[in-house]
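**Student:** First to last, the sequence lines map onto chains A, B, C and D. Okay, so the first sequence: first residue is 8 according to this note's numbering, each after it adds one. Okay, so the second sequence: first residue is 8 according to this note's numbering, each after it adds one. Okay, so the third sequence: first residue is 15 according to this note's numbering, each after it adds one. Okay, so the fourth sequence: first residue is 15 according to this note's numbering, each after it adds one. Once you've had a glance at the structure underneath, I'll fire off some questions.
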Amino acid sequence: MSIKVRYFASLGEQVGRSESELTFSQAMTVRDVWQLDTIEKSIPDNVLVAINMEYADLDIQVQDGDEVAFFPPVTGG
Amino acid sequence: MSIKVRYFASLGEQVGRSESELTFSQAMTVRDVWQLDTIEKSIPDNVLVAINMEYADLDIQVQDGDEVAFFPPVTGG
Amino acid sequence: MKVKICSAAFNPWQEIQAYQATLATSAKFGATSIFIGTMRDYNEGDAVQSMTLDYYPGMTEKQLEKILTDAEQCWQIIDAYIVHRVGEINPDDTIVLVVVWSSHRGDAFDASRFIMEALKSTAPFWKKELLESGQTRWVEKNTDGYQKM
Amino acid sequence: MKVKICSAAFNPWQEIQAYQATLATSAKFGATSIFIGTMRDYNEGDAVQSMTLDYYPGMTEKQLEKILTDAEQCWQIIDAYIVHRVGEINPDDTIVLVVVWSSHRGDAFDASRFIMEALKSTAPFWKKELLESGQTRWVEKNTDGYQKM
C-alpha cells in the first residue's frame with residue numbers, strides 16, 4: 008500500500024522536506040511511518056498528527072491511500 | 008435644610024412624580040426621606056438609591072443640598 | 015477610555031473605527047473584544063414594536079466611567095469604549111456597544127464581559143417596551159449574563 | 015455558519031457587515047460578540063517586522079468548521095463566522111475575526127471565547143516571525159487565553 012506523508016512548519020524544516028510518498032507492505036502505525044520516513048530522528052514530544060485531515064494518535068494504524076500529516080503545536084489566531 | 012428628591016422609571020409612575028424639593032430641620036436618613044415624601048407608600052424591596060449620583064444605602068443620613076434618587080432595578084444594555 | 019450616551023441611532027462599526035483611529039497605540043493591541051447589544055422584536059414571548067430607554071443624566075455617565083475604571087484595575091487594558099443608546103429605539107437598532115483593546119485576548123474577553131455585566135446590573139438605564147398589542151410595560155429586571163438561558 | 019481563509023489583508027468591519035447582511039434572522043439576535051486578533055509589532059520582547067502564516071489547506075477549514083459545530087452544540091447560537099488570514103502579514107493587519115450572533119449575551123460571550131481558544135489550540139496555523147534584527151523564528155506555542163498574563 009502507499010500513503011502520502013506531509014510535514015508542516017518547523018517540522019518540515021527539521022525533517023528537511025514537506026512531503027513524501029511511502030510504499031510498503033506490512034501494517035504500520037503513524038509512529039512507524041515517522042520512523043520509516045525520518046530515519047534517525049526521534050519523534051518530538053509535542054508533535055501533532057492528522058490522518059486524512061483529522062487529528063489522530065501515533066498508535067493508529069494507517070490505511071492504503073491515507074494522507075498522514077505531522078506538525079508542531081499550532082500558533083494561529 | 009433642603010434636598011432634591013428624584014424618582015425614575017416605573018418608580019416615578021408609582022409615586023406620581025419625578026421630582027420633589029424637600030425642606031426640613033431634623034436629621035433624616037434616605038429611608039425617612041422616602042417616607043416623608045411618599046406618604047402611605049411602603050418602600051419597595053428592590054429599590055435602588057443614589058445620593059448625588061452615587062449608589063447609597065437607605066440608612067445613610069442626607070445632607071443639605073443633596074440630590075437623593077430612587078429607582079427600580081436597572082435594565083440597560 | 016470614554017463613554018458616550020447617544021439619543022439617536024448610531025452605527026457601531028463607524029463608532030469603533032472612529033474611536034480606534036484615535037488610539038496612539040497602533041500595533042500594540044493584539045486583541046479587541048467587542049460586544050454589541052441589539053434591540054430584538056420580541057421579549058418574554060411578546061412581539062415588541064419599539065422601546066423607550068430612560069436614564070439618569072449625569073449619574074449614568076458617572077457609573078459607566080466607574081465601570082471602566084474598575085475594569086482597568088482588574089485587567090490589562092489598553093483602551094475601552096462604551097456607547098449606549100437612550101430615547102426611542104426600534105428593533106434592529108444598536109442599544110449598547112462595548113469595546114476593549116488589550117495586548118492579550120484573556121484580558122480583552124474578561125474585561126468586556128465584566129463591563130457588560132456591570133453595566134447591566136448597575137448603570138441607570140430603564141427600558142419601557144411598546145408591544146405590538148399597543149400595551150406598554152417596563153422591563154423589570156435584567157437577566158444574569160453568566161447563566162445559560 | 016461559515017469559515018473563510020484570506021491570503022490578502024481584509025477589513026474586519028466590512029467582513030462583519032457583509033456577513034451580517036446575509037442573516038435572515040434580522041432583529042432576532044440580541045447579542046453579538048466579536049473578537050479580533052491583530053498583529054502586534056513586538057513579541058516576547060522583540061520587535062517584529064512581519065510574519066508569515068502557514069496553514070494546512072483543507073484540514074484548516076475542516077477544523078474551523080468542526081469548532082463552529084462544537085460551539086453550536088454547547089450554546090444557543092444564531093450564526094457564527096470565522097475569518098483567518100494566511101500568508102505574509104504586517105503589523106496592524108487583522109489576523110483573525112470571530113463573530114457570534116445569539117439571542118442572549120451569555121451564549122454569545124461563551125461561544126466566541128470557546129471558538130477562539132479552540133482555534134488557538136487546534137486549528138492548523140503556524141506563525142513565522144521576521145524580526146527587526148533580520149532573524150526569522152517560528153512561534154513555538156500559543157498561550158492559554160484563560161490565564162491572566
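Think of the CB as a built atom: it goes at the ideal place given N, C-alpha and C, for glycine as much as any other residue. On a predicted model such as this, the values are computed, not experimentally measured, just so you know.
Does the separation of the CB atoms of residue 23 (chain D) and residue 107 (chain D) fall below 8 Å?
**Tutor:** Contact: yes.
**Student:** Is there at least one Cβ from chain C nearer than 8 Å to residue 69 (chain B)'s Cβ?
**Tutor:** Not closer than 8 Å to any Cβ of chain C, the Cβ of residue 69 (chain B) fails to qualify, so no.
**Student:** Strictly under 8 Å for the Cβ-Cβ distance: is residue 54 (chain A) near chain D by that measure?
**Tutor:** So no, residue 54 (chain A) is outside the interface.
**Student:** Ordered along the chain, which non-local residues of its own chain (more than five positions away) have a Cβ less than 6 Å from that of residue 30 (chain C)?
**Tutor:** So the qualifying residues of the chain are 113.
**Student:** So, is the C-beta of residue 77 (chain B) closer than 8 Å to a C-beta in chain C?
**Tutor:** By this cut-off, residue 77 (chain B) is not an interface position.
**Student:** Do you know whose CA, among D:38, D:51, D:67 and D:98, lies nearest residue 20 (chain D)'s CA?
**Tutor:** Checked all of D:38, D:51, D:67 and D:98; the closest Cα to residue 20 (chain D) is D:98.
**Student:** Along the chain, where does the alpha helix (DSSP H) that runs through residue 19 (chain A) open and close?
**Tutor:** Per DSSP, residue 19 (chain A) belongs to the alpha helix (DSSP H) from 16 to 22.
**Student:** With DSSP run on the structure shown, which of helix, strand or coil describes residue 55 (chain B)?
**Tutor:** In the structure shown, residue 55 (chain B) sits in a strand (DSSP, three-state: E or B).
**Student:** Run through the DSSP bridge pairs and tell me what residue 36 (chain A) is partnered with.
**Tutor:** BP columns for residue 36 (chain A) point to A:68.
**Student:** Does DSSP put residue 140 (chain D) in a helix, in a strand, or in coil?
**Tutor:** Three-state result, residue 140 (chain D): strand.
**Student:** What are the residues in the stretch 122 to 136 of chain D lying within 8 Å of chain A by C-beta distance?
**Tutor:** Within the stretch 122 to 136 of chain D, the residues whose Cβ lies closer than 8 Å to some Cβ of chain A are 130, 133, 134, 135 and 136, listed in chain order.
**Student:** Does DSSP classify residue 74 (chain C) as helix, strand or coil?
**Tutor:** In the structure shown, residue 74 (chain C) sits in a helix (DSSP, three-state: H, G or I).
**Student:** Cα-Cα, which of C:37, C:129 and C:64 is closest to residue 149 (chain C)?
**Tutor:** Considering only alpha carbons, the answer is C:64.
**Student:** Quick one: using the 10 Å Cβ neighbour count with 16 as the cut-off for buried, is residue 77 (chain C) buried or exposed?
**Tutor:** It is buried - the Cβ of residue 77 (chain C) has at least 16 other Cβ atoms within 10 Å.
**Student:** Tell me residue 61 (chain A)'s beta-bridge partners as DSSP assigns them.
**Tutor:** Answer is A:58.
**Student:** Which one of C:79, C:60, C:143 and C:142 has the shortest CA to CA distance from residue 129 (chain C)?
**Tutor:** Out of C:79, C:60, C:143 and C:142, C:79 has the C-alpha closest to the C-alpha of residue 129 (chain C).
**Student:** Please look up how many angstroms separate the CB atoms of residue 49 (chain D) and residue 119 (chain C), rounded, as I've assumed it's under 8 Å.
**Tutor:** With a Cβ gap of about 7 Å, residue 49 (chain D) and residue 119 (chain C) count as contacting.
**Student:** Distance cutoff 8 Å, beta carbons only. Does residue 101 (chain D) sit that close to anything in chain A?
**Tutor:** False, the Cβ-Cβ gap to chain A never drops below 8 Å.
**Student:** Could you name the residues of chain D that residue 96 (chain C) contacts, counting a contact when the two beta carbons are closer than 8 Å?
**Tutor:** Result: empty, since nearest Cβ-Cβ is about 14 Å, beyond 8 Å.
**Student:** Can you give the beta carbon distance from residue 38 (chain A) to residue 50 (chain A), rounded, assuming they're within the 8 Å contact cut?
**Tutor:** Rounded, the Cβ-Cβ distance is 7 Å, consistent with contact.
**Student:** Is residue 125 (chain C) buried or exposed, if buried means 16 or more other CB atoms sit within 10 Å of its CB?
**Tutor:** The residue is buried, with at least 16 neighbouring Cβ atoms inside 10 Å.
**Student:** Please classify residue 14 (chain B) as buried or exposed, where buried requires at least 16 other C-beta atoms within 10 Å of its C-beta.
**Tutor:** Classification of residue 14 (chain B): buried, given that the 10 Å Cβ count is 16 or more.
**Student:** Assuming residue 145 (chain D) contacts residue 61 (chain D) under a Cβ cut-off of 8 Å, what Cβ separation, rounded to an integer in Å, is found between them?
**Tutor:** Between residue 61 (chain D) and residue 145 (chain D) the Cβ distance is about 7 Å, and since that is below 8 Å, they are a contact.
**Student:** Can you name the residues that DSSP bridges to residue 66 (chain D)?
**Tutor:** According to DSSP, residue 66 (chain D) bridges with D:102 and D:142.
**Student:** If the cut-off is 7 Å on Cβ atoms, which residues from the stretch 11 to 37 of chain B count as contacting chain C, listed in chain order?
**Tutor:** Under the 7 Å Cβ criterion, the stretch 11 to 37 of chain B contributes 15, 16 and 17.
**Student:** Here's the rule: buried if 16 or more other CB atoms are within 10 angstroms of the residue's CB, otherwise exposed. What is residue 147 (chain D)?
**Tutor:** When all chains shown are included, residue 147 (chain D) counts as exposed.
**Student:** When the Cα of residue 26 (chain D) is compared with those of D:54, D:141, D:96 and D:133, which residue comes out closest?
**Tutor:** Answer by Cα proximity: D:96.
**Student:** Confirm, please, whether the CB-CB distance from residue 59 (chain B) to residue 80 (chain B) is below 8 Å.
**Tutor:** No. Outside cutoff.
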